[in-house]
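Throughout the sequence shown, residue numbering follows our numbering, covering 1 to 321 in sequence. Don't be surprised by glycine CBs; every beta carbon is placed ideally from N, CA and C. Worksheet: the structure to be examined is printed underneath.
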Amino acid sequence: MTNKEAMAKINYIEEINRLKREKNAVILAHYYQVPEIQEIADYVGDSLGLARKAEDVDADIIVFAGVHFMAETAKIINPDKKVVLPDLEAGCSLAESAPADDFAEFISKYPDHMVVSYVNCTAAVKTMTDLVVTSGNAVKLVDALPKDQKIIFAPDKNLGAYVNNVTGRDMVLWDGTCEVHDILTTEQILKMKVKYPEAKLLAHPECKTPVLNASDFVGSTSEMLKFAKQDDNKSYIVASETGLLHQMQKDSPEKEFMVVASDETCACNDCPHMKKNTMEKLYMCLKNETPEIHLDNEVIEKARKPIEKMLQMSKELNIIK
Ligand code: 13P
Ligand code: SF4
Numbered sequence: 001m002t003n004k005e006a007m008a009k010i011n012y013i014e015e016i017n018r019l020k021r022e023k024n025a026v027i028l029a030h031y032y033q034v035p036e037i038q039e040i041a042d043y044v045g046d047s048l049g050l051a052r053k054a055e056d057v058d059a060d061i062i063v064f065a066g067v068h069f070m071a072e073t074a075k076i077i078n079p080d081k082k083v084v085l086p087d088l089e090a091g092c093s094l095a096e097s098a099p100a101d102d103f104a105e106f107i108s109k110y111p112d113h114m115v116v117s118y119v120n121c122t123a124a125v126k127t128m129t130d131l132v133v134t135s136g137n138a139v140k141l142v143d144a145l146p147k148d149q150k151i152i153f154a155p156d157k158n159l160g161a162y163v164n165n166v167t168g169r170d171m172v173l174w175d176g177t178c179e180v181h182d183i184l185t186t187e188q189i190l191k192m193k194v195k196y197p198e199a200k201l202l203a204h205p206e207c208k209t210p211v212l213n214a215s216d217f218v219g220s221t222s223e224m225l226k227f228a229k230q231d232d233n234k235s236y237i238v239a240s241e242t243g244l245l246h247q248m249q250k251d252s253p254e255k256e257f258m259v260v261a262s263d264e265t266c267a268c269n270d271c272p273h274m275k276k277n278t279m280e281k282l283y284m285c286l287k288n289e290t291p292e293i294h295l296d297n298e299v300i301e302k303a304r305k306p307i308e309k310m311l312q313m314s315k316e317l318n319i320i321k
């Protein structure tokens, strides 16, 4: 039997559950993972919820079904745990838009500015950051800072512009975007609105400003889920990644959810990084306990401060998981 044939015979659900028990491991998954990974995970959440969960984990191994910066964040928060990621190549266009050297040069031009970074950045960028935020708390956390505080916001210029609009700030923005959300256009949305006039539009703040302006609700993945569950409309156009529809449909089977298709010929709403993770890779990663996230102690120490500040502030401000 070839290796491929042997792999095809494996019952991944049974094997992953067995290995999880044997190794005292937990699987944390982001809402953008494929449905089968969301179903086998111990916890599914947005970036803020996952960071909070990583803080509380007392298992020996954290299997992070998400992208690299998320697994790094878990390691920074809980450095004594072994953190593994099914595919080390699962990156993020936002994190990649801000190489550490360029970022250091950029912030050196604004010595009197505080550095606020979206969690979608590398550990190296976090070491140069005063406060980390997620899409679930960025508005409230920035709003809670002293009004005369000058701020640099990186790396997502769309989220930064959204926070500026809502809070009336004038943060200096790093020029980075999410390759999945930034390509969604108002033309596409208009076409869908014509086709589904009753549907409400939900958008992630990584979308461009005109898309956000056309939306009925803007929020993180968790916030969109909560809105869709509690709202009494029957149909929704979702300006975000396809994986989110799994939980939305599960929560409200009677409602209709559609993603904004950026192009009829492509699966553009699938994050190519999030979708690198598969059940087969999840199984192999749990079995071999690799690839593992390794970070220098010095990086962990420095990067932890702005994340702890975020967790502390979001607890004080009572921001949802
Ligand atoms: P959330 O903060 O909503 O989980 O989003 C993370 C992300 O990568 C969105 O593209
Ligand atoms: Fe990064 Fe965008 Fe993928 Fe989220 S959806 S992980 S921001 S590339």
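query: Shortest alpha-carbon distance to residue 315 belongs to which of 250, 52, 129?
result: For this step, residue 315 is matched to residue 315 along the sequence shown. Nearest C-alpha to residue 315 among 250, 52, 129: 52.
message: Rounding to the nearest angstrom, what Cα-Cα distance links residue 193 and residue 299 in this structure?
response: As a working note, residue 193 is residue 193 in the sequence shown. As a working note, residue 299 is residue 299 in the sequence shown. Going by the C-alpha atoms only, they are around 47 Å apart.
task: Check residue 168 in the structure and name its three-state DSSP category.
output: Taking the sequence shown and counting its residues from 1, the one referred to as residue 168 is at position 168. Residue state, collapsed to three classes: coil.
message: Within the continuous beta strand (DSSP E) that includes residue 244, where are the two ends?
response: As a working note, residue 244 is residue 244 in the sequence shown. Looking at the DSSP string, residue 244 is not in any beta strand (DSSP E); the run it does join, the alpha helix (DSSP H), is 244–251.
- request: Thinking residue 46 and residue 136 are a contact (beta carbons under 8 Å), I'd like their distance in whole angstroms, please.
  value: As a working note, residue 46 is residue 46 in the sequence shown. As a working note, residue 136 is residue 136 in the sequence shown. Residue 46 to residue 136, Cβ: 5 Å. Contact.
- prompt: Helix, strand or coil for residue 45 per DSSP?
  reply: As a position in the sequence shown, residue 45 is number 45, starting the count at 1. Three-state DSSP puts residue 45 in a strand.
query: Since residue 235 sits in a beta bridge, which residues does DSSP pair it with?
result: Here residue 235 is taken as the residue at index 235 of the sequence shown, counted from 1. DSSP, once it has assigned bridges, lists 256 as partnering residue 235.
task: For residue 288, count neighbouring Cβ atoms within 10 angstroms of its own Cβ and tell me buried if that reaches 16, exposed if not.
output: In the sequence shown, the residue the question calls residue 288 occupies position 288. Classification of residue 288: exposed, given that the 10 Å Cβ count is below 16.
query: Would you report the Cα separation of residue 114 and residue 187, rounded to the nearest angstrom?
result: Start at 1 with the first residue of the sequence shown, and residue 114 comes out as number 114. Start at 1 with the first residue of the sequence shown, and residue 187 comes out as number 187. For residue 114 and residue 187, the distance between alpha carbons rounds to 37 Å.
- prompt: Beta carbon of residue 322: closer than 8 Å to some heavy atom of the ligand SF4?
  reply: Past the edges of the chain, shown from 1 to 321, lies residue 322, and the structure says nothing about it.
query: According to DSSP, which residues form a beta bridge with residue 54?
result: In the sequence shown, the residue the question calls residue 54 occupies position 54. The partner list for residue 54 (beta bridge, DSSP) is empty, contrary to what the question assumes.
Three-way DSSP call (helix, strand, coil) for residue 151 in this model: Taking the first residue of the sequence shown as 1, we reach residue 151 at position 151. Strand, per DSSP.
field: Under 9 Å between C-beta atoms of residue 239 and residue 189
entry: For this step, residue 239 is matched to residue 239 along the sequence shown. For this step, residue 189 is matched to residue 189 along the sequence shown. Against a cut-off of 9 Å, the Cβ pair of residue 189 and residue 239 comes out as a contact.
- prompt: What do you get for residue 2, buried or exposed, if any count of 16 or more other CB atoms within 10 angstroms of its CB means buried?
  reply: As a position in the sequence shown, residue 2 is number 2, starting the count at 1. Exposed, since its Cβ has fewer than 16 Cβ neighbours within 10 Å.
- request: Within its chain, find whatever has a CB closer than 6 Å to the CB of residue 92; leave out the 5 residues flanking it on each side and keep chain order.
  value: As a working note, residue 92 is residue 92 in the sequence shown. Residues 67, 69, 120, 273 of the same chain have their beta carbon placed closer than 6 Å to that of residue 92, with the five preceding and five following residues left out of the count.
- prompt: What is the DSSP secondary structure of residue 30, reduced to helix, strand or coil?
  reply: The count along the sequence shown starts at 1 and reaches residue 30 at position 30. Correct three-state label for residue 30: strand.
- request: Using the Cα positions of residue 291 and residue 285, report the straight-line distance between them to the nearest angstrom.
  value: The count along the sequence shown starts at 1 and reaches residue 291 at position 291. The count along the sequence shown starts at 1 and reaches residue 285 at position 285. Residue 291 and residue 285: Cα-Cα distance of roughly 7 Å.
task: Leaving out five residues on either side along the sequence, give the residues of the same chain with a beta carbon under 8 Å from the beta carbon of residue 23.
output: Position 23 of the sequence shown, counted from the start, is the residue given in the question as residue 23. Closer than 8 Å at Cβ, skipping near neighbours: 60, 61, 286, 289.
- request: For residue 180, verify whether its CB is less than 8 Å away from any heavy atom of the ligand 13P.
  value: Your numbering for residue 180 matches position 180 in the sequence shown. Residue 180 has its Cβ nearer than 8 Å to a heavy atom of the ligand 13P.
- prompt: In three-state terms, what does DSSP make of residue 10?
  reply: Locating residue 10 in the sequence shown gives position 10, counting from the first residue. Assignment of residue 10 by DSSP, reduced to helix, strand and coil, places it in the coil class.
Residue environment, residue 269, which counts as buried when at least 16 other CB atoms sit within 10 Å: For the purposes of this step, residue 269 is taken as the residue at position 269 of the sequence shown. Around the CB of residue 269, 16 or more other CB atoms lie within 10 Å, so the residue is classed as buried.
field: DSSP-derived helix/strand/coil call for residue 82
entry: By 1-based counting over the sequence shown, the position of residue 82 is 82. Taken through DSSP and simplified to helix, strand or coil, residue 82 comes out as strand.
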